[in-house]
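Colleague: One structure is given below, represented as structure tokens, and several questions about it will come after.
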Amino acid sequence: MTPFKKLTSSAVPLPIEDVDTDQIIPARFLKAVTREGFGENLFRDWRYDKQNEPKEDFVLNNPIYTGQILVAGANFGCGSSREHAAWAIGDFGFRVVVSSYFADIFRGNALNNGILPLVVSPALLDEIFVTIENNPAATFTVDLEAQTFKNETTGTVTTFDIDSYKKTCLINGYDDIDYLLSQRDLIEKFERERVDYSLA
Amino acid sequence: MAKTLFDKVWDAHVVTEIPGGNQVLYIDRHLIHEVTSPQAFNGLRSRGLPLLRKDRIVATADHNVPTIDQDKPIKDPLGAKQVRMLSENCAEFDVDLYGLGHPYQGIVHVIGPELGITRPGITMVCGDSHTSTHGAFGAVAFGIGTSQVEQVMATQCLLLTKPKSMRINIEGDLAPGVTAKDIILYVISRIGTGGGTGYFVEYAGSAIRALSMEGRMTVCNMSIEMGARGGLIAPDETTFAYLKGREFSPRGKDWKAAVAHWKTLPTEKDAHFDVELNYEAANISPMVTYGTNPGMGMGVKESIPVSSEVHNKASIDKAMKYMGLEAGTPLEHQAIDYVFIGSCTNSRIEDLRAVVGLVGDRKVADGVTAIVVPGSQQVSRQAISEGLDKKLVAAGFQFREAGCSACLGMNADKVPAGKYCVSTSNRNFEGRQGPGARTILASPLMAAAAAVTGKVTDVREILN
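Heads up: the sequence lines are chains A and B, in that order.
Residue numbering for the first sequence follows the working numbering, beginning at 119 and increasing consecutively.
Residue numbering for the second sequence follows the working numbering, beginning at 72 and increasing consecutively.
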């Protein structure tokens, strides 16, 4: 994972609640056997019509909206555990998703792939959508070390929560498997000492 | 301090803790399938790591497999590739594979319990969100992403923070025609698709106790649809009776020791839950979903709300546009085109028996395509031995071979755009069963009723 410390970028608005993982990446695209190329199919059925022509009214097809930040309505990423949803978002070019509420499995998958799921209050989320509506090129700054999110237009700064271990991983580009591998001795000790009813 | 069932199982599997709340959790059992494993195996390979505990992992092919002509090559090249890769990966890493053609093949969350792999007190994961199904046995079972699949393969552990706890009590008796599926659809309609986020749920109460293991599996299966990490039900004599003698269940003195351990697991009196919710079974009627998430559900006699506590008007308007329905109107008597009886939620033998029982001498209505997809080869063989397949076919249903099928339409079993499908599966998201497909989630009884009338029907009116 590439390390992530600070980012200033414009943002793409998706003011829809309960965006589920079947919308983020439909099941028919889960047939890939590698992690590459999912960005092409991000929000596929909202982006393209039956003839594979871009739908004019979908935000990702509107060139005035660009950036590495996706701003979405509450309960983003609900539904399936498919990590492909996080791969699609990252491969498309987003580094941060801002919402007032994230579904659990999606949040974990995002963090495991160097994407920051950033929670703001519902009021602040509304303010962000208004800022972008008034100026699609408006920028926002995410400072992971300071755990702050700044709306550069209104000047509002808010702090966000992030698990300290996950923060270290994102800042340094580490993933969980490196940590777990370092715990081999403790894991083997656990296996030796437990009473196990799971296999026999 | 009094412990909950969840506490007891989770805490017993913590290997170590990182300051800040992340814990290394040991995973007893890992189920894999062809869709979420290829990249994980690739990762192991590129890191030069072996699969750490081969005896703890079991594989099956379920999502992509066809439900007809399973003995012939898979027509879809991408699906065929994934299934082939699973076979190759399992051969390379020496993983037990119950793939196409194997007598134990089936939907991963159907085969685990029926083989006795699933059991009380274990931690179990799979790269599939409906892993919560196994919680019906009092296991801590949950879905994980592909990176986590790789972590479990390499270290038999995951790095997680312990979720908060919720108990959902359902008291009283279910009315005739009301089933386990209606219980869980009812609960999700009350708390919404985010209502359980951050929580692990225990289902309790007399209505839950009265359910068979298959009924309990249906309830736990849809825990993810309320956003919960997982859901479980305390093991009891019903659980032990189900597991006794299963292929991989403990035997002899191992069985006695296991049961003695399992009896220590239920939640203690005065144990604390972060949230506790109470519902009356008598208030639950046969449910249907009207919209585009599993929380958009209601009793079959109700009218689609314009807005609700759980969904605002904008969300419902969007759903109505997709579904071609109108807020403020009933769904009962809506003509339908397809019926799908299958999925890890409802495809077990009791579900098939319920369908056959309801159908009786009736026939599938003209213009309706109705398919029954047993959850596994074993379920299928049992259905055939009971003559259920013949009765279903005589009534005009198609009796297929095991797989995930039309739940998510990764194989050829898709619902065409604009068509209504009453489905015993677990998700009604836009495009779930095929681009433009309109899913109405319901119980097997309600799906059977819709099949024979050609409309969304209150099953209580045609119950024998």
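Just so you know, even glycine gets a beta-carbon here, dropped at the ideal spot from N, CA and C.
Just so you know, these numbers come straight off a predicted model, no measurement behind them.
Return yes when the Cβ of residue 97 (chain B) is within less than 9 Å of the Cβ of residue 310 (chain A), no when it is not.
Modeller: Cβ atoms of residue 310 (chain A) and residue 97 (chain B): not closer than 9 Å.
Colleague: Between residue 253 (chain A) and residue 294 (chain B), what straight-line distance do the alpha-carbon atoms span, to the nearest angstrom?
Modeller: Residue 253 (chain A) and residue 294 (chain B) have their alpha carbons spaced roughly 41 Å apart.
Colleague: Which runs of the alpha helix (DSSP H) spanning at least 4 residues fall entirely within the stretch 196-245 of chain B, listed in chain order?
Modeller: Runs of the alpha helix (DSSP H) lying entirely within the stretch 196-245 of chain B and spanning at least 4 residues, in chain order: 217-226.
Colleague: Put residue 130 (chain A) into one of helix, strand or coil per three-state DSSP.
Modeller: strand
Colleague: If you run the structure through DSSP and keep just helix, strand and coil, what is residue 449 (chain B)?
Modeller: helix
Colleague: Within this structure, are the beta carbons of residue 89 (chain B) and residue 230 (chain B) separated by less than 9 Å?
Modeller: yes
Colleague: Which same chain residues end up closer than 6 Å to residue 73 (chain B) when comparing Cβ atoms and leaving out the 5 residues on each side of it in sequence?
Modeller: 339, 341 and 342
Colleague: In chain order, what residues of the stretch 144-165 of chain B put their CB closer than 7 Å to some CB of chain A?
Modeller: 149, 150, 152, 153 and 156
Colleague: Using 10 angstroms around the beta-carbon of residue 198 (chain A), count the other beta-carbons present and answer buried if the total reaches 16, otherwise exposed.
Modeller: buried
Colleague: Applying a beta-carbon distance threshold of less than 8 Å, which residues of chain B neighbour residue 169 (chain A)?
Modeller: Result: empty, since nearest Cβ-Cβ is about 12 Å, beyond 8 Å.
Colleague: Where does residue 202 (chain A) sit, in a helix, a strand or coil, going by DSSP?
Modeller: Under the three-state reduction of DSSP output, residue 202 (chain A) falls in the helix class.
Colleague: State the Cα-Cα distance for the pair residue 396 (chain B) and residue 501 (chain B), rounded to the nearest angstrom.
Modeller: 14 Å
Colleague: Can you find a CB in chain A that lies within less than 9 Å of the CB of residue 227 (chain B)?
Modeller: yes
Colleague: Just to make sure I have the definition right: I need the residues of chain A whose C-beta is within less than 7 Å of the C-beta of residue 106 (chain B). Which are they?
Modeller: Ordered by position in chain A, the residues that pass the 7 Å Cβ test against residue 106 (chain B) are 148.
Colleague: From what residue to what residue does the alpha helix (DSSP H) around residue 145 (chain B) run?
Modeller: Membership of residue 145 (chain B) in any alpha helix (DSSP H) is not indicated, and neither H nor E is assigned to it by DSSP.
Colleague: Where DSSP assigns a beta bridge to residue 301 (chain B), which residues make up the other side?
Modeller: B:271
Colleague: Is there a C-beta anywhere in chain A that falls below 9 Å from the one on residue 432 (chain B)?
Modeller: no
Colleague: Can you pull the chain A residues whose beta carbon is under 8 Å from the beta carbon of residue 258 (chain B), in chain order?
Modeller: The premise fails here: residue 258 (chain B) is roughly 16 Å from chain A at the closest Cβ pair, so nothing lies under 8 Å.
Colleague: Might you give, ordered along the chain, the residues of its own chain that have their beta carbon closer than 8 Å to the beta carbon of residue 377 (chain B), omitting 5 neighbours on each side?
Modeller: Once the five neighbours on either side are set aside, the close Cβ partners of residue 377 (chain B) are 384, 387, 398 and 399.
Colleague: When DSSP labels each residue in this structure, what does residue 114 (chain B) get in the three-state scheme?
Modeller: helix
Colleague: For the beta strand (DSSP E) holding residue 267 (chain A), just list the boundary residues, first then last.
Modeller: 266-269
Colleague: Does DSSP classify residue 253 (chain A) as helix, strand or coil?
Modeller: coil
Colleague: Pick out whichever of A:131, A:239 and A:292 has its Cα sitting closest to the Cα of residue 175 (chain A).
Modeller: A:131
Colleague: Taking contact to mean 3 or more Cβ pairs, one atom from each stretch, closer than 8 Å, check whether the stretch 154-170 of chain A and the stretch 106-119 of chain B are in contact.
Modeller: no
Colleague: Looking at residue 205 (chain B) and residue 173 (chain B), is the spacing between their C-beta atoms short of 9 Å?
Modeller: For residue 173 (chain B) and residue 205 (chain B), no; Cβs fall outside 9 Å.
Colleague: In whole angstroms, what is the alpha-carbon distance linking residue 218 (chain B) and residue 228 (chain B)?
Modeller: 12 Å
Colleague: For the stretch 77-100 of chain B, list every residue whose C-beta sits within 9 Å of some C-beta in chain A, in sequence order.
Modeller: 83, 84, 85, 86, 87, 89, 90, 91, 92, 93, 95, 97, 99 and 100
Colleague: Run down chain B in chain order and give the residues with a C-beta less than 7 Å from the C-beta of residue 199 (chain A).
Modeller: 198, 199, 200, 214, 215 and 216
Colleague: Applying a beta-carbon distance threshold of less than 7 Å, which residues of chain B neighbour residue 153 (chain A)?
Modeller: 110
Colleague: In the DSSP output, which residue or residues are listed as bridge partners for residue 235 (chain A)?
Modeller: A:215
Colleague: Kindly indicate the opening and closing residues of the beta strand (DSSP E) around residue 128 (chain B).
Modeller: 128-131
Colleague: Just curious, the alpha helix (DSSP H) that residue 285 (chain B) is in, first and last residue?
Modeller: Under the DSSP assignment, residue 285 (chain B) falls in the alpha helix (DSSP H) whose first and last residues are 284-292.
Colleague: Going by CA-CA distance only, name the one from B:242, B:525, B:278 and B:238 that's closest to residue 403 (chain B).
Modeller: Out of B:242, B:525, B:278 and B:238, the CA that lies nearest to the CA of residue 403 (chain B) is found in B:525.
Colleague: Residues of the stretch 370-396 of chain B with a CB closer than 7 Å to any CB of chain A: list them in chain order, please.
Modeller: Going along the stretch 370-396 of chain B in chain order, one finds 386 with a Cβ nearer than 7 Å to chain A.
Colleague: Please identify the residue among B:499, B:532 and B:477 whose C-alpha is closest to the C-alpha of residue 141 (chain A).
Modeller: B:499
Colleague: Between which residues of its own chain and residue 172 (chain A) is the CB-CB distance below 7 Å, once the five residues before and five after are set aside?
Modeller: 165, 166 and 179
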